[in-house]
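The structure appears right after this line, and notes come after that.
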Amino acid sequence: MSYLRTGRRKYYDIFSHVYDKFIQMHSRRDEKDTRDVLVEMADLGETPDPYILDICCGTGSVILAFANHYPASLTVGYDFSRGMLLKTREKPGAQKVILIEGDAISLPFTDESFDLITRFISRKAFCRVCPFNSYSAWEQVIRSAGVVLIMEHEVPQRPLIKFLFNLRMAAMGSADAREFVSSGLAPFTKIFPHVSLAHSPSGKSKLIMCRKHLIKM
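Numbered per our numbering, the sequence shown spans residues 4 to 220.
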């Protein structure tokens, strides 16, 4: 792991102690509503007990929501921050989830292991960003009929949150920050042949859905 990413990992290990409180304070109900939309919009066809992977899972809110919705499924939370994973382990229902520490660029899974891969990018304040060059690894571990879901908040408008967001973008470096904010669907269409965009009912979040193959109706 590069020096830069090692520094980011240490940053998130420390930030994990206040991450949930910070999100609750500034997101109010938006974070829960967005998670619910993400679960509802996960189109898994007729797969009754899907294998689900949440990459950069943070403190586990998303993967725990899927574990509760699909109690017989195999659910995996994957993050390079041990602090975030330890906070996940403290939450109710965490025993349903397999937690793995690792970098999103290099996934320790065999090809076509999962029916669903999720990534929840919170653009509120201290957003957590996976490298764009990690998406090709996601394509390898998703099954042929599987789906990759990336949900992210729009750029925040509240002054304090916007200031913290811009501060986090500056820490990424100008090139990475510009790509994260302005790239749109381009990183995904380079890898997945079928990419679609939808928005949450509130309009505050967008959902990017990527597939290797379209499901025939």
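Note that beta-carbon positions come from the ideal geometry of N, C-alpha and C, so glycine has one too.
Query                                                                                                                        : Result
Span separating the alpha-carbon of residue 97 from that of residue 190                                                      : 32 Å
Residue 14 to residue 20 span [Cα, whole Å]                                                                                  : 11 Å
Neighbourhood of residue 142 by C-beta distance below 6 Å, restricted to the same chain and skipping five residues each side : 194
Terminal residues of the beta strand (DSSP E) in which residue 144 lies                                                      : Taken as a continuous stretch (DSSP letters only), residue 144 belongs to no beta strand (DSSP E), being part of the alpha helix (DSSP H) at 138–144.
Contact set for residue 123: own chain, Cβ-Cβ below 6 Å, skip 5 residues either direction                                    : 65, 154
Rounded separation between residue 216 and residue 150 - CA only                                                             : 9 Å
C-alpha gap between residue 11 and residue 88, whole angstroms                                                               : 15 Å
Delimiting residues of the alpha helix (DSSP H) encompassing residue 188                                                     : Premise fails: residue 188 is in no alpha helix (DSSP H) and is neither H nor E.
Under 8 Å between C-beta atoms of residue 94 and residue 78                                                                  : no
Residue span of the alpha helix (DSSP H) that contains residue 64, given as start and end                                    : 64–72
Span of the beta strand (DSSP E) around residue 86                                                                           : No beta strand (DSSP E) holds residue 86; the alpha helix (DSSP H) holding it covers 85–92.
Host beta strand (DSSP E) of residue 199 (start-end)                                                                         : 197–202
Simplified DSSP assignment, three categories, for residue 108                                                                : coil
Test item: CB-CB of residue 37 and residue 203 under 8 Å                                                                     : yes
Rounded C-alpha distance that separates residue 60 from residue 69                                                           : 12 Å
Proximity of residue 200 and residue 45 at Cβ, strictly below 8 Å                                                            : no
Whether residue 145 touches residue 108 by CB criterion (8 Å)                                                                : no
Residue 76 classed as buried or exposed, judged by whether at least 16 other C-beta atoms fall within 10 angstroms           : buried
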